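> Supplied in structure tokens, the structure appears directly below.
Protein chains: 2
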Amino acid sequence: MSRAEQREQTRRTLLRESRRLFTAKGYGAVGLSQIVNAAGVTKGALYHHFDGKAALFRAVLAQVQEEVGRRVAATADAEPDLWDQLVAGCHAFLTASADPDVQRIMLIDAPAVLGWNEWRALDEAASARHLSDALTHLIEAGVIARQPVAPLVRLLSGAMNEAALWLATSADPGDLADTKAALTRMLESLRG
Amino acid sequence: MSRAEQREQTRRTLLRESRRLFTAKGYGAVGLSQIVNAAGVTKGALYHHFDGKAALFRAVLAQVQEEVGRRVAATADAEPDLWDQLVAGCHAFLTASADPDVQRIMLIDAPAVLGWNEWRALDEAASARHLSDALTHLIEAGVIARQPVAPLVRLLSGAMNEAALWLATSADPGDLADTKAALTRMLESLRG
DNA sequence: CCTTTCGCATACCGTCAGTACGCGAAAGCT
DNA sequence: AGCTTTCGCGTACTGACGGTATGCGAAAGG
């Protein structure tokens, strides 16, 4: 195996195993020794690829955010109508957030580990950007009233994040439908 | 000084200093040695009063939540009309969340330190309960449509938490007014 | 075939949360 | 008052953690 291949494989294994452990136990409860044991390497390898525990977490977070962003964008783009794209994207975000990786890594640990400011910047670049773009286009198209977009994005993004976490612990499968209905009603209020 | 007085004073000093440090640096970046130094005691005293670092944080969080709950309830109760109570309470929550203690301790660190489940239970008992009660009363009174309350509470609670954090880093003072306006529009959609 | 590169292992360090135990002063008891 | 018990807290220690310095051995380059 060539050196480049070996390097890539080690890096991918570290990302995979750390993501698994972070998801299962949370950032604080996972030691570097557990990660390198699971990956079959040593701390030397880890520090050769990443600047430390937080940097490793950052790389894992980037993966998760990229996956969520792709899923949301794909679902939204399937709708021809601009308004339907917004609704479909929001529903897709709720669905994607059912993934335990998303919940623990992206919604719970990330703000505390990276600080809220950095988390917000990454969230903006990944998923919230789609929401921001959609709302801007809808305003340009005259579908919803002209108003500041930034506060709306934060309100809606926060609502969806929190609802997603709540749905994770919910026993009643009807809760997802109820939440989507309530969220849709909130969105509809923008069209009024 | 009597033993009871001494005990009480040590406990209060520990709570005060740890709250100050947690707010300034965040839970993870504060060591127990810093806390006991600031309080003028030793780790023996800390472990005599609390079961550990997480338990100390829990006690601090309870303080913060209680303060926020009181402020929100007081503002809401000043309104005679049931609907105005809801709006006033939500606005009061946004205002109260401008406090750095609330942001760092209650909104950022608490979910990661205690886990989201415990955080949610405490949040429910403290501040979200008021929101839940208000919505239930409004449904009983026929002011808003009959619908599941729990998803609404999570959506609105999450929206306000996130908006509060965003407002904290906002430079434009008009953002608060814009956010309150957007939030009010969301609430109005319930009356439709 | 010799040299350089570099991916990674080994061994170590400072700091942290948490624990075991002892002291000394206040509180109860006769 | 004196004697004992209680208990608030200090002291001294431990294991585990994140992080660093350094060395080795195989692949790449000439």
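Residue numbers (our numbering), protein chains in the order written: chain H, 236 to 427; chain D, 236 to 427. Beta carbons are placed, not taken as given, at the ideal position from N, Cα and C, and that holds for glycine. Being a predicted model, the structure only gives us computed values, none of them experimental.
(1) Should M421 (chain H) be flagged as near chain D, meaning a C-beta pair shorter than 7 Å?
(2) Please list the partners that P315 (chain D) has in chain H, where partner means a Cβ-to-Cβ separation under 9 Å.
(3) Leaving out five residues on either side along the sequence, give the residues of the same chain with a beta carbon under 8 Å from the beta carbon of V276 (chain D).
(4) Can you give me the Cβ contacts of L265 (chain H) inside the same chain, cut-off strictly under 7 Å, excluding the 5 residues immediately before and after it?
(5) Can the beta-carbon of H372 (chain H) be found closer than 7 Å to that of L317 (chain H)?
(6) Do we get a CB-CB distance below 7 Å when we pair A347 (chain D) with the residues of chain H?
(7) What are the start and end residues of the alpha helix (DSSP H) that includes D395 (chain D)?
(8) Nearest CA to the CA of L366 (chain D): which residue from D:A417, D:V388, D:P408, D:H284?
(9) Tell me the rounded alpha-carbon separation between I379 (chain H) and A369 (chain D).
(10) Distance, Cα to Cα, E252 (chain H) vs A360 (chain H)?
(11) Please list the partners that I340 (chain D) has in chain H, where partner means a Cβ-to-Cβ separation under 7 Å.
(12) Quick check: what's the CA-CA separation for L321 (chain D) versus S405 (chain D)?
(13) On the criterion of 16 or more Cβ atoms from any shown chain inside 10 Å, does E240 (chain H) qualify as buried, or is it exposed?
(14) Could you work out which residues of chain D lie near W318 (chain H), taking near to mean beta carbons separated by less than 9 Å?
(15) With DSSP collapsed to three states, give me the class of A239 (chain D).
(16) Taking 7 Å as the threshold (C-beta atoms), are A323 (chain H) and A308 (chain H) in contact?
(17) Under three-state DSSP, which class holds P306 (chain H)?
(18) Select from H:V348, H:V337, H:A356, H:A313 the residue whose C-alpha is nearest the C-alpha of K288 (chain H).
(19) Can you tell me where the alpha helix (DSSP H) with A357 (chain D) in it begins and where it stops?
(20) The alpha helix (DSSP H) that contains L366 (chain H), what's its start and end?
(21) If you measure between the beta carbons of M492 (chain D) and F328 (chain D), is that distance less than 7 Å?
(22) Can you check the stretch 280 to 324 of chain H for any beta strand (DSSP E) of at least 3 residues that lies completely inside it and give the ranges in chain order?
(23) So, under 8 Å CB-CB, L281 (chain H) and L296 (chain H) are touching, yes? Tell me the CB distance rounded to an integer number of Å.
(24) Applying a beta-carbon distance threshold of less than 8 Å, which residues of chain H neighbour T414 (chain D)?
(25) P383 (chain D) CB to nearest chain H CB: under 7 Å?
(26) P315 (chain D): buried (16+ other C-beta within 10 angstroms of its C-beta) or exposed?
(27) Only counting the same chain, and skipping five residues up and downstream in sequence, which positions put a Cβ closer than 7 Å to that of D336 (chain H)?
(28) Is it buried or exposed for D358 (chain D), if we count other Cβ within 10 angstroms and need 16 for buried?
(29) Assuming L428 (chain H) and W351 (chain D) form a contact by the criterion Cβ under 8 Å, report the distance between their Cβ atoms to the nearest whole angstrom.
Put simply:
(1) As a first step, residue 421 (chain H) must be located in the first sequence, where it is residue number 186. Chain D contact via Cβ: present.
(2) On the second sequence, position 80 is the one that residue 315 (chain D) refers to. By Cβ distance, chain H contributes nothing, its closest Cβ being about 25 Å from P315 (chain D), past 9 Å.
(3) Stepping through the second sequence from its first residue, residue 276 (chain D) is reached at position 41. Excluding the 5 residues flanking it on each side, V276 (chain D) has same chain C-beta neighbours closer than 8 Å at T245, T248, L249, in chain order.
(4) In the first sequence, counting from the first residue as 1, residue 265 (chain H) sits at position 30. First, the residue type needs correcting, since residue 265 (chain H) is Val and not Leu in the sequence shown. So the list reads L256, F257, once near-sequence residues are dropped.
(5) Working through the first sequence from its first residue, we reach residue 372 (chain H) at position 137. Working through the first sequence from its first residue, we reach residue 317 (chain H) at position 82. Cβ distance < 7 Å, so H372 (chain H) and L317 (chain H) count as in contact.
(6) Here residue 347 (chain D) is taken as the residue at index 112 of the second sequence, counted from 1. Answer yes: the Cβ-Cβ gap between A347 (chain D) and chain H drops below 7 Å somewhere.
(7) Translated into the one-based positions of the second sequence, residue 395 (chain D) becomes position 160. In the sequence as presented, Asp is not what sits at residue 395 (chain D); that position holds Met. From DSSP, the alpha helix (DSSP H) with M395 (chain D) extends over 384 to 404.
(8) Taking the first residue of the second sequence as position 1, residue 366 (chain D) is located at position 131. Among D:A417, D:V388, D:P408, D:H284, the Cα nearest to that of L366 (chain D) is on D:V388.
(9) The sequence position of residue 379 (chain H) within the first sequence is 144, counting from 1. The sequence position of residue 369 (chain D) within the second sequence is 134, counting from 1. Using only the alpha carbons, I get a separation of about 29 Å.
(10) Against the first sequence, residue 252 (chain H) aligns to sequence position 17. Against the first sequence, residue 360 (chain H) aligns to sequence position 125. Each residue's Cα considered, the two are about 25 Å apart.
(11) Looking up residue 340 (chain D) in the second sequence gives position 105. Here the premise fails: no neighbours, minimum Cβ distance about 11 Å.
(12) Here the question's residue 321 (chain D) lines up with position 86 in the second sequence. Here the question's residue 405 (chain D) lines up with position 170 in the second sequence. Cα to Cα, L321 (chain D) sits roughly 25 Å from S405 (chain D).
(13) The residue labelled residue 240 (chain H) in the question sits at position 5 within the first sequence. E240 (chain H) comes out exposed.
(14) Here residue 318 (chain H) corresponds to residue number 83 of the first sequence, with the count starting at 1. Under the 9 Å cutoff, chain D gives no residues; its nearest Cβ is about 15 Å from W318 (chain H).
(15) The sequence position of residue 239 (chain D) within the second sequence is 4, counting from 1. Of the three classes helix, strand and coil, the one that applies to A239 (chain D) here is helix, per DSSP.
(16) As a working note, residue 308 (chain H) is residue 73 in the first sequence. As a working note, residue 323 (chain H) is residue 88 in the first sequence. The answer is no: Cβ separation not under 7 Å.
(17) Walking along the first sequence from the start, residue 306 (chain H) turns up at place 71. The sequence given here places Arg at residue 306 (chain H); Pro does not occur at that position. Residue state, collapsed to three classes: helix.
(18) For the purposes of this step, residue 288 (chain H) is taken as the residue at position 53 of the first sequence. Residue H:V348 is the option with its Cα nearest to K288 (chain H).
(19) For this step, residue 357 (chain D) is matched to residue 122 along the second sequence. First, the amino acid is wrong: residue 357 (chain D) is Leu here, not Ala. Per DSSP, the unbroken alpha helix (DSSP H) holding L357 (chain D) starts and ends at 351 to 358.
(20) Mapped onto the first sequence, residue 366 (chain H) falls at position 131. From DSSP, the alpha helix (DSSP H) with L366 (chain H) extends over 364 to 375.
(21) Residue 492 (chain D) is absent from the model: chain D starts at 236 and stops at 427.
(22) none
(23) Within the first sequence, residue 281 (chain H) is the residue found at index 46, counting from 1. Within the first sequence, residue 296 (chain H) is the residue found at index 61, counting from 1. Rounded, the Cβ-Cβ distance is 17 Å, inconsistent with contact.
(24) On the second sequence, residue 414 (chain D) is found 179 positions in, with the first residue counted as 1. Within chain H, the residues near T414 (chain D) are P386, R389, L390.
(25) As a first step, residue 383 (chain D) must be located in the second sequence, where it is residue number 148. Closer than 7 Å: yes.
(26) Here residue 315 (chain D) refers to the residue found at position 80 when the second sequence is read from its first residue. Exposed.
(27) Taking the first residue of the first sequence as 1, we reach residue 336 (chain H) at position 101. Contacts found: R254, T258, V299.
(28) The residue labelled residue 358 (chain D) in the question sits at position 123 within the second sequence. Buried, by the Cβ-count rule.
(29) A query on residue 428 (chain H) cannot be resolved here, the shown segment of chain H reaching from 236 to 427 and no further.
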